[in-house]
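One structure is given below, encoded as structure tokens.
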Amino acid sequence: MQITEFGGPEVLKVVDVPEPAPGDGQQLYDVSTAGINFADTHQIENSYLSAQKLPLTPGAEFVGTPVGGGQRVVGLLDGGGYAERVVAHDFLTWAVPDGVSDEQALAVVLQGSTAWHLLRTCAHLAEGETVVVIAGAGGVGSLAVQLARRWGAGRVIATASSPEKRALAEELGAHATVDPALATDDPKTFTGALREANGGKPVDIVLEMTGGNVFTGSLSALAPFGRLVTYGMAARQETAPVPPGALMQKSRAVIGFWLAHCMARPQMMDAAMHDLLPMVAEGALKPVVGGRYPMSAVREAHQDLLARRTTGKLVLDPAR
């Protein structure tokens, strides 16, 4: 799949291109399954954190085997994942244990490692703290809810946009759920809903990937020494500036996170993946698989993501 102009799902097109050639420390892989992420919708618009260059093949993750045979791996890429074959760095691939499906492996390589680092590296979750997970039925959120419970959060509150998604978040371990639509008109309403879900008390940690009023309302919900970790801009809305005084007044923090910085430090990726993959193999962590789309239906997958019709992990089948 390639784009030659920036835009929405309509710019994605199937094309034939030369096979990529591996360099030092790289291998060529036959892709069995490619992952889809919400960030891909930003990438094809050129609205993400780093400027994109045309022509562009989206996709940051894959499961496959070396051309000619070998161990099945899950890997991260600097683009190019929506393809039949990819080239990947050895230090950004991990063996997939038997019993872990392609979809499960893809759920943890980017979104799972993001959830891992949001809680461990950025928020420094301590036992007994209250954690709010925005989009708790999504790819990152559904895993963050489970990890927060596993690591001792005293209360986990998830937001989700439909009764079905809120029920799923509760099945995964959320103690309470909130409709993020409450933030549409007034962030104070959202702040009140988060605190009400926490027994009237402010919260300790918010994992936030929407921006706009959700960001503002989440920040106001924090207790002293609370941490808001922001890792997305799904609403595509401007967020009000945060004055230093607003942070000092409650001794609260706003922390940004982008997994690309961990990819530049392989030991950080290894720490997450060597923890997550065994959890999945043991059944202790249950990735939510949201749907497998033929490569030819990638536009539909992006449309479903943008319309908030999906839960969990979406993947592409390059053979179809």
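One rule links them: number in this note's numbering = place in the sequence shown (from 1) + 56.
All C-beta atoms in this analysis are idealised placements derived from N, C-alpha and C, irrespective of residue type, glycine included.
- Judged by DSSP secondary structure, residue 372 falls within the beta strand (DSSP E) whose first and last residues are 369-373.
- Contact annotation: the region 313-329 touches the region 165-174, with at least three C-beta pairs closer than 8 angstroms.
- Counting of Cβ neighbours within 10 angstroms places residue 105 among the exposed residues, the total staying below 16.
- DSSP places residue 293 outside both helix and strand once states are collapsed to three, so it counts as coil.
- Per DSSP, residue 301 is one residue of the alpha helix (DSSP H) stretching across 300-304.
- Residue 365 counts as exposed, since fewer than 16 other beta carbons sit within 10 angstroms of its beta carbon.
- For residue 116, the number of other beta carbons within 10 angstroms of its own is at least 16, and it is reported as buried.
- For residue 354, the enclosing alpha helix (DSSP H) has its first and last residue at 354-362.
- A distance below 7 angstroms between beta-carbons, with the five flanking residues on each side excluded, links residue 113 to the following residues of its chain, in chain order: 57, 58, 135, 136, 138 and 139.
- Annotation: the region 95-183 contains the following complete segments of the alpha helix (DSSP H) (minimum length 4 residues), in chain order: 158-162 and 169-173.
- Its Cα nearest to that of residue 163, the residue 337 stands out among 318, 187, 337 and 352.
- A direct Cα-to-Cα measurement between residue 210 and residue 186 gives close to 6 angstroms.
- Under DSSP, the beta-bridge partners assigned to residue 259 are 278.
- Nearest to residue 156 by alpha-carbon distance, out of 316, 73, 367 and 340, is 340.
- Beta bridge pairing from DSSP links residue 326 with no other residue.
- Annotation for residue 211: the continuous beta strand (DSSP E) segment containing it runs 211-215.
- A residue is called buried when at least 16 other Cβ atoms come within 10 angstroms of its Cβ; residue 260 meets this threshold and is buried.
- Residue 250 is positioned such that its CB atom lies closer than 7 angstroms to that of residue 188.
- Per DSSP, residue 320 has no beta bridge partner at all.
- Here residue 283 is bridged, per DSSP, to 261 and 309.
- Around the beta carbon of residue 263, 16 or more other beta carbons lie within 10 angstroms, which makes this residue buried.
- The beta carbons of residue 132 and residue 319 sit closer together than 7 angstroms.
- For the set 71, 75 and 102, the Cα lying nearest the Cα of residue 62 is the one of 102.
- Segment contact: the region 142-151 against the region 302-318, fewer than three CB-CB distances shorter than 8 angstroms; contact not assigned.
- Within the DSSP secondary-structure output, residue 234 pairs in a beta bridge with 215.
- By the Cβ test, the region 212-222 is in contact with the region 232-246, since at least three Cβ pairs between them sit closer than 8 angstroms.
- The alpha-carbon of residue 349 is positioned some 19 angstroms away from that of residue 142.
- Under DSSP, residue 350 takes part in a beta bridge, and its partners are 373.
- C-alpha of residue 111 to C-alpha of residue 346: approximately 29 angstroms in a straight line.
- Residue pairing by DSSP puts residue 59 in a beta bridge opposite 112.
- Leaving aside the five residues that flank residue 301 on each side, none in its chain has a CB nearer than 7 angstroms to its CB.
- In this structure, residue 168 lies away from residue 202, with their beta-carbon atoms at least 7 angstroms apart.
- Taking a 10 Å sphere around the C-beta of residue 124, we find fewer than 16 other C-beta atoms and assign the residue as exposed.
- Excluding residues up to 5 positions away in sequence, 178, 179, 283, 284, 285 and 286 lie with their Cβ nearer than 8 angstroms to the Cβ of residue 311 in the same chain.
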